[in-house]
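Below: the structure, in structure tokens.
Numbering (the working numbering), first residue to last: 13 to 343.
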């Protein structure tokens, strides 16, 4: 446990995810001790949390407030075990709370609607393992649902809620105006940029046609994410404390870099499409990211960019023989 600013402590939990191998857990000291994000809730992680709190004379029973930045498992999986040991309340956005409280139903709904026939056997096996793993995560009640500009008042902290969708629909950042610190969750990460796009549910043609319809009302996550980053530039910031990666000491530089990286990736897609008449989702992903064609996670990211470009009228999508094909629109 390290005190990085007065009354703000941080420690890390190991995660089984290659892209994000560690989670930063923040502990806010005071009469109402608060913890921001709680890990997966597995026995090893809970032992680490208890041990880290013990280093500063605290224990799980001392936690009064749990704040979840969003509805992904490593950010809320430890909620219930902390609640079992304390009288802590959980705070999250309305959208995140709906999933945190009903996570098993959410996962089963995804599983029941997946177009398994369109996935290769090894991908189906991977998805099954992923689903089974997620069903082990504890759900928890969310006592307080917060929204844009609401203040979470603790003894030593006033945290302004900033709704920041893109990576997750229910994502929030927390702004400490007195200290000029932003707890950014996964919206801004210490190294690289966060994942924005679509997951397993949308990567079959049963859903993909809806996403790539230029006239649909499905939110364009890339544009929403970029708008969220733009809005954060108006805040007086000295530091950003992310859920993954190192502390960010040049917040405006980082915000600018994250915006530029997403736009640069978009240009890479457009350059490929300009050179080739018609490109499949798999080929476009493989060429732009330099990965294997079976990388379904990055296909989800590609899909997010394509949705944005289709809505802008720059790209057209077709589905032929269960293949998603893209071509650039010429003037």
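Ideal Cβ placement from N, Cα and C applies to all residues, glycine included. Quantities reported herein were computed from a predicted structural model and do not represent experimental measurements.
By alpha-carbon distance to residue 202, the top candidate from 29, 245, 240 and 266 is 266.
In the same chain as residue 174, and ignoring 5 residues on each side of it, the C-beta atoms closer than 6 Å to its own belong to 185 and 187, in chain order. With a threshold of 16 other beta carbon atoms within 10 Å, residue 145 falls short and is exposed. For the pair residue 20 and residue 38, the CB atoms are nearer than the 8 Å cut-off.
Cα atoms of residue 285 and residue 306: separation of roughly 20 Å, rounded to the nearest angstrom. Inter-segment contact for the region 64-76 and the region 92-105 is present: three or more beta-carbon pairs are separated by less than 8 Å.
Note on geometry: alpha-carbon atoms of residue 282 and residue 18 lie some 47 Å from one another.
Looking only at 324, 41, 310 and 169, the smallest Cα-Cα distance to residue 342 is reached by 324. Rounded to whole angstroms, the separation of the alpha carbons of residue 29 and residue 193 is 27 Å. For residue 263, there is no enclosing beta strand (DSSP E); the residue is found in the alpha helix (DSSP H) stretching over 263-287. For residue 88, the three-state secondary structure derived from DSSP is helix. Under the 10 Å beta carbon count, residue 182 is surrounded by 16 or more other beta carbons and is classified as buried. Scanning its chain for C-beta atoms nearer than 7 Å, with the 5 sequence neighbours on each side dropped, one finds around residue 156 the residues 101 and 103, in chain order. Rounded to whole angstroms, the separation of the alpha carbons of residue 179 and residue 275 is 16 Å.
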